[in-house]
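Working notes, beginning with the structure itself.
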């Protein structure tokens, strides 16, 4: 699946998007954050305060306990500051 | 009749008067037009900024604003709606966002515009980065914006 990052999450990880293939045990958005955090220091830094991280699946907001099965694109970003 | 809805994300500036005219031209059913313009503040003293850069999530931004527009149309008897949100580098004094709501009477137009702005601030995937004397920094989300958006949630 494709994972995309925005704002300071993107800056900390050092890339805007990537293709990942998490193991089957990674079932929810929160699981994916945990799995990504184990991939390197830059990920651990980006997700160090997982409580503030927002997520979207296929362009719609989702909660941490949402299942990721079937997702085409998962996005992680900080709280939004538009308007 | 289908209510005319215009949603645009663009780098270019917009002309508020032109957007109102486009929404109301040739119509006699509109009794009230409310506009909200969000403008880049320059700040003062240590908080002075030279520019904002707005990052957005293409695809989701359009989808999310579209969902909010649908909800506004379902909740209030609107006769027209225009939402324009800019992205890219914006300097103090320049426009960031425009919401235009039209209705037969003012109450719906006022309320829908306020609802849409509260949701744009907290749910539309945009992020502001400030350029100041000491470099660039991401703007923190304000808790009062979350509180403003929460008051529209039906209990």
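Chains as they are written, first to last, in my numbering: chain X, 29 to 111; chain S, 371 to 525. Virtual Cβ for every residue (Gly too), placed ideally from N, Cα, C. Because the structure is a prediction, the values reported are computed rather than measured.
query = According to DSSP, which residues form a beta bridge with residue 377(S)?
reply = Translated into the one-based positions of the second chain, residue 377(S) becomes position 7. Residue 377(S) is bridged to 453(S).
query = How long is the line joining the alpha carbons of residue 376(S) and residue 463(S), rounded to whole angstroms?
reply = In the second chain, residue 376(S) corresponds to position 6, counting from 1. In the second chain, residue 463(S) corresponds to position 93, counting from 1. Rounded to whole angstroms, residue 376(S) to residue 463(S) spans 24 Å at the Cα level.
ask   = The alpha helix (DSSP H) with residue 36(X) in it runs from where to where?
value = One-based indexing of the first chain puts residue 36(X) at position 8. Residue 36(X) -> alpha helix (DSSP H) spans 35 to 41.
ask   = Is the number of C-beta pairs between the stretch 376 to 386 of chain S and the stretch 508 to 515 of chain S that are closer than 8 Å three or more?
value = No, they do not touch.
ask   = Is the CB-CB distance between residue 87(X) and residue 493(S) below 8 Å?
value = Along the first chain, one-based indexing puts residue 87(X) at 59. Along the second chain, one-based indexing puts residue 493(S) at 123. Result no, Cβ atoms of residue 87(X) and residue 493(S) do not sit closer than 8 Å.
inquiry  = Tell me the rounded alpha-carbon separation between residue 58(X) and residue 390(S).
reply    = For this step, residue 58(X) is matched to residue 30 along the first chain. For this step, residue 390(S) is matched to residue 20 along the second chain. Rounded to the nearest angstrom, the two C-alpha atoms are 44 Å apart.
query = What are the partner residues of residue 507(S), as DSSP defines its beta bridges?
reply = Numbered from 1 along the second chain, position 137 holds the residue referred to as residue 507(S). Beta-bridge pairing links residue 507(S) to 500(S).
query = Which two residues bound the contiguous beta strand (DSSP E) that contains residue 61(X)?
reply = Walking along the first chain from the start, residue 61(X) turns up at place 33. First-last for residue 61(X): 57 to 65, but that is the alpha helix (DSSP H), not the beta strand (DSSP E).
inquiry  = Please return the same chain residues whose Cβ sits closer than 6 Å to the Cβ of residue 491(S), not counting the five positions on each side in sequence.
reply    = Start at 1 with the first residue of the second chain, and residue 491(S) comes out as number 121. If we look at residue 491(S) and ignore the five residues flanking it on each side, its Cβ neighbours are 515.
key: Any chain X beta carbon closer than 8 Å to residue 408(S)   = Translated into the one-based positions of the second chain, residue 408(S) becomes position 38. Judged by the 8 Å Cβ criterion, residue 408(S) is in contact with chain X.
request  = For my contact list, residue 61(X) and residue 81(X) are in at a C-beta cut-off of 8 Å; report their separation, rounded to the angstrom.
outcome  = Residue 61(X) sits at position 33 when you count from the first residue of the first chain. Residue 81(X) sits at position 53 when you count from the first residue of the first chain. With a Cβ gap of about 6 Å, residue 61(X) and residue 81(X) count as contacting.
request  = Could you list which residues in chain S have their beta carbon closer than 7 Å to that of residue 36(X), in chain order?
outcome  = Residue numbering aside, residue 36(X) sits at position 8 when the first chain is read from its first letter. What residue 36(X) touches in chain S: 508.
task = Please confirm whether residue 79(X) and residue 29(X) have their CB atoms less than 8 Å apart.
result = Working through the first chain from its first residue, we reach residue 79(X) at position 51. Working through the first chain from its first residue, we reach residue 29(X) at position 1. Going by C-beta atoms, residue 79(X) is not nearer than 8 Å to residue 29(X).
message = Would residue 36(X) and residue 106(X) qualify as a contact pair, given that the criterion is a beta-carbon distance under 8 Å?
response = Within the first chain, the letter at position 8 stands for residue 36(X). Within the first chain, the letter at position 78 stands for residue 106(X). Yes.
key: Coarse secondary structure for residue 459(S), derived from DSSP in three states   = One-based indexing of the second chain puts residue 459(S) at position 89. Of the three classes helix, strand and coil, the one that applies to residue 459(S) here is strand, per DSSP.
query = Exposed or buried, what is residue 473(S) when buried is set at 16 or more other beta-carbons lying within 10 Å of its beta-carbon?
reply = The sequence position of residue 473(S) within the second chain is 103, counting from 1. By the 10 Å Cβ count, residue 473(S) comes out buried.
key: Rounded distance between the beta-carbons of residue 453(S) and residue 422(S), thought under 8 Å   = Residue mapping note: residue 422(S) aligns to position 52 of the second chain, counting from 1. Residue mapping note: residue 453(S) aligns to position 83 of the second chain, counting from 1. Contact doesn't hold; Cβ gap of about 19 Å is too wide.
request  = Would you list the one or two residues that DSSP bridges to residue 423(S)?
outcome  = Taking the first residue of the second chain as position 1, residue 423(S) is located at position 53. 459(S) and 499(S).
ask   = Apart from the five residues just before and just after residue 374(S), which ones in its own chain have a Cβ nearer than 6 Å to its Cβ?
value = For the purposes of this step, residue 374(S) is taken as the residue at position 4 of the second chain. Result list for residue 374(S): 450, in chain order.
task = Using alpha carbons as the reference points, say which of 410(S), 392(S), 505(S) and 520(S) lies closest to residue 456(S).
result = Here residue 456(S) corresponds to residue number 86 of the second chain, with the count starting at 1. Ranking 410(S), 392(S), 505(S) and 520(S) by Cα distance to residue 456(S) puts 410(S) first.
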